[in-house]
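Line order of the protein sequences matches chains A and B.
Heads up: the first sequence at position 101 corresponds to 101 in the numbering used here, and the numbers run straight through without jumps.
Heads up: the second sequence at position 27 corresponds to 27 in the numbering used here, and the numbers run straight through without jumps.
All C-beta atoms, glycine included, are put in the ideal place defined by N, C-alpha and C.
What follows is a short report on a single structure.
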Amino acid sequence: MSFRQPIWLLLAAFLGLSGCAHPIAISPNLGELPHTANGPPIQKKVGYYISDADRAKMVKSPGGGGDFVEYPLYANLEPGLYRALSNVFANVSVIKDKNDIRALTDSGVSLVFTPVITTTSSSRNIAFWPPTDFSVTIVCTATDVNGKQIWETSVTGVNDLTSVSTVIHDFGVTGRNASEAALRKLQKALEDAPELRQ
Amino acid sequence: MAACTQTAPPFTFSPAQVQVLKENGSDPLRLGTFTAGEHATGVTGITLRSATLASPYGDYPSYLKEALRQELDEAGRLAPNAAIEVSGVMTSNNLNTGLAVTGEGELEARIIVKRGEATLYNKSLLAKTTWDTSFVGAVAIPRAITEYPRLVSEFIAVLLRDPDFLAAIK
Chain A
1 MSFRQPIWLL LAAFLGLSGC AHPIAISPNL GELPHTANGP PIQKKVGYYI SDADRAKMVK
61 SPGGGGDFVE YPLYANLEPG LYRALSNVFA NVSVIKDKND IRALTDSGVS LVFTPVITTT
121 SSSRNIAFWP PTDFSVTIVC TATDVNGKQI WETSVTGVND LTSVSTVIHD FGVTGRNASE
181 AALRKLQKAL EDAPELRQ
Chain B
1 MAACTQTAPP FTFSPAQVQV LKENGSDPLR LGTFTAGEHA TGVTGITLRS ATLASPYGDY
61 PSYLKEALRQ ELDEAGRLAP NAAIEVSGVM TSNNLNTGLA VTGEGELEAR IIVKRGEATL
121 YNKSLLAKTT WDTSFVGAVA IPRAITEYPR LVSEFIAVLL RDPDFLAAIK
């Protein structure tokens, strides 16, 4: 190995061009999902389930210049999911074990929502790693306390092409915008589903 | 890209902590002033190597106030005319990106709960967090930035684990 190789590696590391993963936050601004003026329309107690593994999981997706961004996807979106459900149902709780039928029945929960969340990201500028484009897809199922699926939806929020001058001051802005868009669509789908009102 | 001012991510409430507030009493609460203590560090901006991290809410006492506002509001316990007031004085607020392995966050503040002239709670609390960091600034600085909301959430978790606080706001 020549002495030049470590120097180039060090230089690449300093410039952030090493293919490394840069942490960002994509938590939605909940001002974009305000409480509904007349309270939640459906008078039910519901829960949602996110596994501890998903809550702790760091997701990696592409940024610019061959680099990646990473973020705790479920942990970042969980408050937004809670808010979207709270805007539709009178009482929302966090479910620790969705297979514990007795605990679900005793707590009065009638529906359990389980989200599966995926993302895409990219940058149109090779010189900067923060993504200029981002999408968030939420596939959400609702089951009754016996585990029978009664509803499912898939929504995608997209943030296309935020300028580099914006993303270099707010690394996670495109992810945050995409999260907010996906959660707004999820709330609308919840509001519009007749199955959830029965 | 690192030698400039960045903005900390906005706070978002913790559903688990909202549940604690829902399950521990129902008295409505209002928020009073949240200020910086004398000789407080990191309350207007946090230094991260060559970058400065600004608060999206003006300063960091206001960040803590906003965090508590969100959690109380989500739990349905926030009311502008409530008899019980929660206020705070921030005395320390720092993120240390570290140089190799571990980054550290530290937030210290005194929280005061009053009903009229009666003080129901008055304690200084300290929250600490750690995370894996990197020698490379392009990794270490963004990672420290994303850690700030978790530090504030941890401070509220410390507060909600104190039975004296829960008794004061019942």
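Contacting residues, own chain, Cβ-Cβ under 7 Å from residue i (five flanking each side not counted)
i: Gln43 of chain A; result: Ala90
i: Leu68 of chain B; result: Leu31, Val86, Ile156
Given residue i as reference, the closest of the options once Cα atoms are compared
i: Ala25 of chain A; options: A:Pro41, A:Glu70, A:Tyr48; result: A:Glu70
i: Lys114 of chain B; options: B:Gly103, B:Thr33, B:Pro149, B:Thr44; result: B:Thr33
i: Arg161 of chain B; options: B:Cys4, B:Thr7, B:Val20; result: B:Val20
i: Ile169 of chain B; options: B:Ser55, B:Pro61, B:Ala75; result: B:Ala75
i: Asp192 of chain A; options: A:Glu152, A:Ser165, A:Arg176, A:Phe171; result: A:Glu152
i: Phe113 of chain A; options: A:Leu196, A:Ala37, A:Thr36, A:Pro28; result: A:Leu196
i: Gly157 of chain A; options: A:Val92, A:Leu77, A:His169; result: A:Leu77
i: Ser50 of chain B; options: B:Gly98, B:Asp59, B:Arg150, B:Pro10; result: B:Gly98
i: Arg55 of chain A; options: A:Ile150, A:Phe68, A:Gly31, A:Pro72; result: A:Pro72
i: Val155 of chain A; options: A:Arg176, A:His169, A:Leu190, A:Gly147; result: A:Leu190
i: Ala127 of chain A; options: A:Gly64, A:Pro194, A:Gln198; result: A:Gly64
i: Leu166 of chain B; options: B:Gly25, B:Glu147, B:Thr119, B:Asp132; result: B:Gly25
i: Asn93 of chain B; options: B:Thr5, B:Thr129, B:Ala138, B:Gln6; result: B:Thr129
Distance CB(residue i)-CB(residue j) smaller than 9 Å
i: Ala127 of chain B; j: Glu106 of chain B; result: yes
i: Val88 of chain A; j: Ser110 of chain A; result: no
i: Thr101 of chain A; j: Tyr49 of chain A; result: Inspection of the sequence shows that residue 101 of chain A is occupied by Ile rather than by Thr. For Ile101 of chain A and Tyr49 of chain A, no; Cβs fall outside 9 Å.
i: Pro61 of chain B; j: Thr41 of chain B; result: no
i: Tyr63 of chain B; j: Val158 of chain B; result: no
i: Pro15 of chain B; j: Val116 of chain A; result: no
i: Asn29 of chain A; j: Pro10 of chain B; result: yes
i: Arg110 of chain B; j: Leu125 of chain B; result: yes
Cβ-based neighbour list, residue i, same chain, cut-off 6 Å, excluding 5 preceding and 5 following
i: Ile46 of chain B; result: Leu53, Leu95
i: Gly37 of chain B; result: Val89, Thr91
i: Ala13 of chain A; result: Bear in mind that a pLDDT of 43 at Ala13 of chain A, under 50, signals an unreliable position, so the model cannot answer this.
i: Ala83 of chain B; result: Arg115
i: Ser27 of chain A; result: Asn76
i: Ala142 of chain A; result: Leu111, Phe113, Ile150, Trp151
i: Thr36 of chain A; result: Asn87
Residue i, DSSP secondary structure in three states
i: Asn93 of chain B; result: strand
i: Val136 of chain A; result: strand
i: Tyr57 of chain B; result: coil
i: Ile150 of chain A; result: strand
i: Thr7 of chain B; result: strand
i: Thr35 of chain B; result: strand
i: Gly157 of chain A; result: strand
i: Glu195 of chain A; result: helix
i: Asp106 of chain A; result: helix
i: Gly47 of chain A; result: strand
i: Arg4 of chain A; result: With a pLDDT of only 47 at Arg4 of chain A, under the threshold of 50, the placement of this residue in the model should not be trusted, and no figure is reported.
i: Ala40 of chain B; result: strand
i: Ala51 of chain B; result: strand
i: Phe13 of chain B; result: coil
8 Å Cβ cut-off: residues of chain A touching residue i
i: Gln19 of chain B; result: Ser93, Val94
i: Pro149 of chain B; result: Ala25, Ser27
i: Val139 of chain B; result: Gly16, Cys20, Ala21, His22, Pro23
8 Å CB neighbourhood of residue i in its chain, flanking five on each side removed
i: Thr244 of chain A; result: Look at the range of chain A in this structure, 1 to 198, and you will see that residue 244 of chain A is not part of it.
i: Leu78 of chain B; result: Pro28, Leu29, Arg30, Leu31, Arg69, Leu72
i: Leu33 of chain A; result: Gly80, Arg83, Ala84, Asn87, Glu180, Leu183, Arg184, Gln187
i: Val59 of chain A; result: Glu70, Tyr71, Pro72, Leu73, Thr119
Cross-chain neighbours of residue i in chain A, by beta carbon under 7 Å
i: Arg143 of chain B; result: Pro23
i: Thr91 of chain B; result: Ordered by position in chain A, no residue passes the 7 Å Cβ test against Thr91 of chain B, which lies about 26 Å from the chain.
Interface partners of residue i on chain B, CB under 8 Å
i: Leu30 of chain A; result: Thr12, Phe13, Gln70
Chain B residues whose Cβ lies nearer than 9 Å to that of residue i
i: Glu195 of chain A; result: Correct list: empty, because the minimum Cβ distance to chain B is about 24 Å.
Closer than 9 Å, Cβ to any Cβ of chain D: which residues of the segment 9 to 35 of chain B, in chain order? Absent from the structure is chain D; the protein chains it does hold are A and B.
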